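S.K.: Sharing a structure with you now.
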Amino acid sequence: MKPEHVRRSRIERITLKNRILFLFAAVALIPFLLSCYLSYRTIHSILTTKLQSGIQSNLKQVTLSLENTLSNLNHVSQQLAFEGSIGKQLEQLMLADQPYDRSYLTDQIKNQLNLIAFTNPNIGLSMYYFREDDTYLFETMGVKDSFDPEKLPIMASYYGITYFGPHISNDRFNDQYVLSALRKVDLPEREDAYVYIETGFNLTQSILDLDDVSKNTAHLILDNHGRISYSELRDAFPENAKFPVSSQLSEPSTTSGIASGYYWYQQYSNQGWSVVSLVSKADYDQEKNRWIMQMVLLTVLFAAVSLAIGWLLWKMVYRPLSQFHREMKQMLNSNFDVVDANSRIPEFEMLLTQFGRMKSHIARLYSEVELKEKRRADLEIEKLLYQINPHFLMNTLDTAHWLAVMNGQEEIDRLVTSLNKLLYYNLRMGGQSSTIREEIDSLKQYLILQQIRYNFQFDVGIHIDDKLLNVPVPRFILQPLVENSLYHGLDDKGRIEVEVSRHNNRLEISIRDNGRGISEEKIKALLEQEQAERHRVGMGIGMNYVKRMLESYYEGEASMNVSSEPGQGTWIVIELPIHCEGEGKS
1 MKPEHVRRSR IERITLKNRI LFLFAAVALI PFLLSCYLSY RTIHSILTTK LQSGIQSNLK
61 QVTLSLENTL SNLNHVSQQL AFEGSIGKQL EQLMLADQPY DRSYLTDQIK NQLNLIAFTN
121 PNIGLSMYYF REDDTYLFET MGVKDSFDPE KLPIMASYYG ITYFGPHISN DRFNDQYVLS
181 ALRKVDLPER EDAYVYIETG FNLTQSILDL DDVSKNTAHL ILDNHGRISY SELRDAFPEN
241 AKFPVSSQLS EPSTTSGIAS GYYWYQQYSN QGWSVVSLVS KADYDQEKNR WIMQMVLLTV
301 LFAAVSLAIG WLLWKMVYRP LSQFHREMKQ MLNSNFDVVD ANSRIPEFEM LLTQFGRMKS
361 HIARLYSEVE LKEKRRADLE IEKLLYQINP HFLMNTLDTA HWLAVMNGQE EIDRLVTSLN
421 KLLYYNLRMG GQSSTIREEI DSLKQYLILQ QIRYNFQFDV GIHIDDKLLN VPVPRFILQP
481 LVENSLYHGL DDKGRIEVEV SRHNNRLEIS IRDNGRGISE EKIKALLEQE QAERHRVGMG
541 IGMNYVKRML ESYYEGEASM NVSSEPGQGT WIVIELPIHC EGEGKS
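Take 1 as the starting number for the sequence shown in UniProt numbering and just add one per residue.
Structure follows, in structure tokens:
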């Protein structure tokens, strides 16, 4: 669950900008990349199949041409050997003692050799070679002094004949590559006689040039033991060295692989030797690499275009969203000013216009509700303060006061005087603000009345710091709270403690009694649903009035907490912010 929640939270933190860019890039690039992949696979398959089949096809042609050339050398050498007519004439020449016979046989042999050379135009230098004394007879062309069959690269050797791979001709006037054969001649008198024959001028090179698939194709010719008898790449594949993979090949077959940075393709002949075509990896992959580079450039171009278009789309969305964000932030800060919508996009301009109208409407509603609440609070307070006609009531009480003085009724005089002072303070027309001093004086007058009225004794202790007497407070907030203590459970030996103190630049008013206490349901009723109860006692104003007065006067900066325990009493604590004006004045 936790990893899934982490993944979800990470996804949710991705901004709209990044989502737009990612989605647009994905929509644009994924089909393109799939097309590139499929086309690459197709082109790779086409190029590989075409190149490999072409190389192998031409390699077979080269192998077949070499086989035919060697077969021709074999056929000509057979005619010059003992089994042929020339071989018999050579044997007779070697045994003849008479000069005439020797001259006649020599002419016959030369005529036969000329005839063979005429009927086999692909044959170059040919002659009889005697190994022991390093001499030769009946050479058709001049022989180089460096002629030595031991130094020639062997291509294949079997059945008394040895084929030599491409090498520089031993013809004195020919420096081209040729194929050659050395065949033993069975002469009774000479065991060291051989027939040496080379292919014609440029024949070998024309055979190797059959491979026209790649201009960079090179060839190796391996003997029947896998040794390199001819190499067109002597640095990477020197002659007389083993081909790197030939030792692993146990049977003749067309094979391929990679060695020394080259793709190689091998074709075995029926005579045991083989031809290898070599293509450099760089040349082999050149066309594919060129295509890959084109695809990479196109991919980069597509990505750049996709990101640019995604960024432009984001800008078109971001500007109106930013304006929406500013408008909402201003509205949260109670700023309902309407700005002109200029997003350059009709749909967003319409939304911004509607949002501005909504702000104006909310501002009007907010002002109306605020005004109505203020009027309602003022009406409630006025209703409480002016339930009776103050002038009529105070004039009547003043008359009662003088009647009591004239008749010597001191108790009645004291009662009427206190009541008159209390009513004057509570019902005066001079606004709602008062001081702690005036609140305490009013409370004392109220307590005089209650001590005369109730048939039980109770004490009230008032503790106040003289520095706080002139602190301004709302008028008429102490008497309803003390009245609550008298009304809810206070009896004989009852005590009420009123304390006014200062804590951390706030005024704290505490009223504690030792009465029967009040339940939580009753406290809630006194604070919120007191309309029916408050008319039954005292001035007809209760705790609900104090609560609403504090809320209206201090705008939420004041607090009133009521706590009570059955049988232990009730404790009311009011905390008010101290207004600097009037504090400390005497």
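We treat Cβ as the ideally placed atom computed from N, Cα and C, and that holds for glycine.
Since the structure is predicted, the reported quantities are computational estimates derived from the model, not experimental observations.
Out of 461, 119, 321, 275, point me to the one whose CA is closest to residue 57's CA.
M.R.: Translated into positions along the sequence shown, residue 57 becomes position 57. Taking only the C-alpha atoms, the option nearest residue 57 is 275.
S.K.: Check residue 155 in the structure and name its three-state DSSP category.
M.R.: Taking the first residue of the sequence shown as 1, we reach residue 155 at position 155. Note: residue 155 maps to strand in three-state DSSP.
S.K.: Around the C-beta of residue 315, are 16 or more other C-beta atoms found within 10 angstroms, so that it is buried, or is it exposed?
M.R.: Residue 315 sits at position 315 when you count from the first residue of the sequence shown. Exposed.
S.K.: For the beta strand (DSSP E) that contains residue 600, what are its first and last residues?
M.R.: Since the first and last residues shown for the chain are 1 and 586, residue 600 lies out of range.
S.K.: To the nearest angstrom, how far is the alpha carbon of residue 279 from that of residue 242?
M.R.: For this step, residue 279 is matched to residue 279 along the sequence shown. For this step, residue 242 is matched to residue 242 along the sequence shown. So the two alpha carbons sit approximately 19 Å from each other.
S.K.: Using the beta-carbon count (16 or more within 10 Å), is residue 185 buried or exposed?
M.R.: Taking the first residue of the sequence shown as 1, we reach residue 185 at position 185. Residue 185 should be labelled buried.
S.K.: Any idea what DSSP makes of residue 225, helix, strand or coil?
M.R.: Numbered from 1 along the sequence shown, position 225 holds the residue referred to as residue 225. In the structure shown, residue 225 sits in coil (DSSP, three-state: anything other than H, G, I, E or B).
S.K.: Name the two residues that bound the continuous beta strand (DSSP E) containing residue 435.
M.R.: Along the sequence shown, one-based indexing puts residue 435 at 435. Start and end: 433–435.
S.K.: Alpha carbon to alpha carbon, how far is residue 514 from residue 414? Give it in angstroms, no decimals.
M.R.: Numbered from 1 along the sequence shown, position 414 holds the residue referred to as residue 414. Numbered from 1 along the sequence shown, position 514 holds the residue referred to as residue 514. Each residue's alpha carbon lies about 28 Å from the other.
S.K.: So, under 8 Å CB-CB, residue 523 and residue 564 are touching, yes? Tell me the CB distance rounded to an integer number of Å.
M.R.: Counted from its first residue, the sequence shown places residue 523 at position 523. Counted from its first residue, the sequence shown places residue 564 at position 564. Residue 523 to residue 564, Cβ: 6 Å. Contact.
S.K.: Between residue 120 and residue 282, what straight-line distance do the alpha-carbon atoms span, to the nearest angstrom?
M.R.: Here residue 120 corresponds to residue number 120 of the sequence shown, with the count starting at 1. Here residue 282 corresponds to residue number 282 of the sequence shown, with the count starting at 1. The straight-line gap from Cα to Cα measures roughly 42 Å.
S.K.: Which complete alpha helix (DSSP H) runs does the segment 270–335 hold, if anything under 4 residues is left out?
M.R.: Whole alpha helix (DSSP H) segments, 4+ residues: 281–284, 286–332.
S.K.: Write down the C-beta distance between residue 177 and residue 166 rounded to the nearest angstrom, noting that I regard them as a contact closer than 8 Å.
M.R.: Taking the sequence shown and counting its residues from 1, the one referred to as residue 177 is at position 177. Taking the sequence shown and counting its residues from 1, the one referred to as residue 166 is at position 166. 4 Å between Cβ atoms; contact.
S.K.: Provide the residue(s) that pair with residue 587 in DSSP beta bridges, ordered along the chain.
M.R.: The chain is shown from 1 up to 586; residue 587 falls before or after that span and cannot be answered.
S.K.: So residue 565 is in the beta strand (DSSP E); what residue range does that whole segment cover?
M.R.: Taking the first residue of the sequence shown as position 1, residue 565 is located at position 565. Counting along the chain, the beta strand (DSSP E) containing residue 565 begins and ends at 559–565.
S.K.: For the pair the segment 312–331 and the segment 284–304, tell me if three or more CB-CB distances fall below 8 Å.
M.R.: Cβ pair count under 8 Å is below three, so no.
S.K.: Hey, could you find the ends of the alpha helix (DSSP H) residue 244 is sitting in?
M.R.: Translated into positions along the sequence shown, residue 244 becomes position 244. Note, residue 244: premise wrong, no alpha helix (DSSP H); not H, not E.
S.K.: I'd like the ranges of any beta strand (DSSP E) spanning at least 3 consecutive residues and lying wholly in the segment 105–140.
M.R.: Listed in chain order, they are 123–130, 135–137.
S.K.: Helix, strand or coil for residue 182? Go by DSSP, reduced to three states.
M.R.: Mapped onto the sequence shown, residue 182 falls at position 182. Note: residue 182 maps to strand in three-state DSSP.
S.K.: Can you give me the start and stop residues for the beta strand (DSSP E) that residue 509 sits inside?
M.R.: Here residue 509 corresponds to residue number 509 of the sequence shown, with the count starting at 1. Start and end: 506–513.
S.K.: Give me the Cα-Cα distance between residue 539 and residue 476, rounded to the nearest whole angstrom.
M.R.: Taking the first residue of the sequence shown as position 1, residue 539 is located at position 539. Taking the first residue of the sequence shown as position 1, residue 476 is located at position 476. Summary for residue 539: the model assigns pLDDT 44, below 50, so the residue's position carries little reliability, and this model does not support an answer.
S.K.: With distances taken Cα to Cα, identify the nearest neighbour of residue 220 among 324, 262, 419, 111.
M.R.: Your numbering for residue 220 matches position 220 in the sequence shown. Nearest of 324, 262, 419, 111 to residue 220, Cα basis: 262.
S.K.: Classify residue 191 as buried or exposed, calling it buried when 16 or more other Cβ atoms lie within 10 Å of its own Cβ.
M.R.: As a position in the sequence shown, residue 191 is number 191, starting the count at 1. Exposed, because fewer than 16 other Cβ atoms sit within 10 Å of the Cβ of residue 191.
S.K.: Less than 8 Å between the C-beta atoms of residue 194 and residue 131, yes or no?
M.R.: As a position in the sequence shown, residue 194 is number 194, starting the count at 1. As a position in the sequence shown, residue 131 is number 131, starting the count at 1. Yes; because the gap between Cβ atoms is below 8 Å, this pair is in contact.
S.K.: Rank 125, 493, 149 by C-alpha distance to the C-alpha of residue 175 and give the top, closest one.
M.R.: As a first step, residue 175 must be located in the sequence shown, where it is residue number 175. Taking only the C-alpha atoms, the option nearest residue 175 is 125.
S.K.: Looking at the unbroken beta strand (DSSP E) that takes in residue 575, where does it start and where does it end?
M.R.: If you number the sequence shown from 1, residue 575 lands on position 575. Start and end: 569–577.
S.K.: Could you name the residues of the same chain whose beta carbon sits closer than 6 Å to that of residue 188, not counting the 5 residues immediately before and after it, in chain order?
M.R.: As a working mapping, residue 188 is identified with position 188 in the sequence shown. If we look at residue 188 and ignore the five residues flanking it on each side, it has no Cβ neighbours.
S.K.: Report back the beta-carbon spacing between residue 473 and residue 436 to the nearest angstrom; my notes put them in contact at under 8 Å.
M.R.: By 1-based counting over the sequence shown, the position of residue 473 is 473. By 1-based counting over the sequence shown, the position of residue 436 is 436. With a Cβ gap of about 6 Å, residue 473 and residue 436 count as contacting.
S.K.: What is the DSSP secondary structure of residue 171, reduced to helix, strand or coil?
M.R.: Against the sequence shown, residue 171 aligns to sequence position 171. Looking at residue 171 - three-state DSSP - the assignment turns out to be strand.
S.K.: As an exercise, report each continuous alpha helix (DSSP H) stretch of at least 4 residues that is fully enclosed by the segment 347–374, in chain order.
M.R.: None, since the segment 347–374 contains no complete alpha helix (DSSP H) of that length.
S.K.: Alpha carbon to alpha carbon, how far is residue 442 from residue 422?
M.R.: Locating residue 442 in the sequence shown gives position 442, counting from the first residue. Locating residue 422 in the sequence shown gives position 422, counting from the first residue. The straight-line gap from Cα to Cα measures roughly 6 Å.
S.K.: Start and end of the beta strand (DSSP E) containing residue 143?
M.R.: Taking the sequence shown and counting its residues from 1, one reaches residue 143 at position 143. From DSSP, residue 143 is part of no beta strand (DSSP E); its letter is neither H nor E.
S.K.: On a CA-only basis, which of 74, 106, 67 is nearest residue 86? Give me that one, please.
M.R.: One-based indexing of the sequence shown puts residue 86 at position 86. Per the Cα distances, 106.
S.K.: Give me the residue from 377, 420, 163 with the minimum Cα distance to residue 551.
M.R.: If you number the sequence shown from 1, residue 551 lands on position 551. Checking every option, the nearest Cα to that of residue 551 belongs to 377.
S.K.: Please report the residue range of the alpha helix (DSSP H) in which residue 548 lies.
M.R.: Residue 548 sits at position 548 when you count from the first residue of the sequence shown. 543–554 is the extent of the alpha helix (DSSP H) around residue 548.
S.K.: Using 8 Å for Cβ pairs, my map puts residue 570 next to residue 494. What's the rounded Cβ distance?
M.R.: Numbered from 1 along the sequence shown, position 570 holds the residue referred to as residue 570. Numbered from 1 along the sequence shown, position 494 holds the residue referred to as residue 494. Rounded, the Cβ-Cβ distance is 11 Å, inconsistent with contact.
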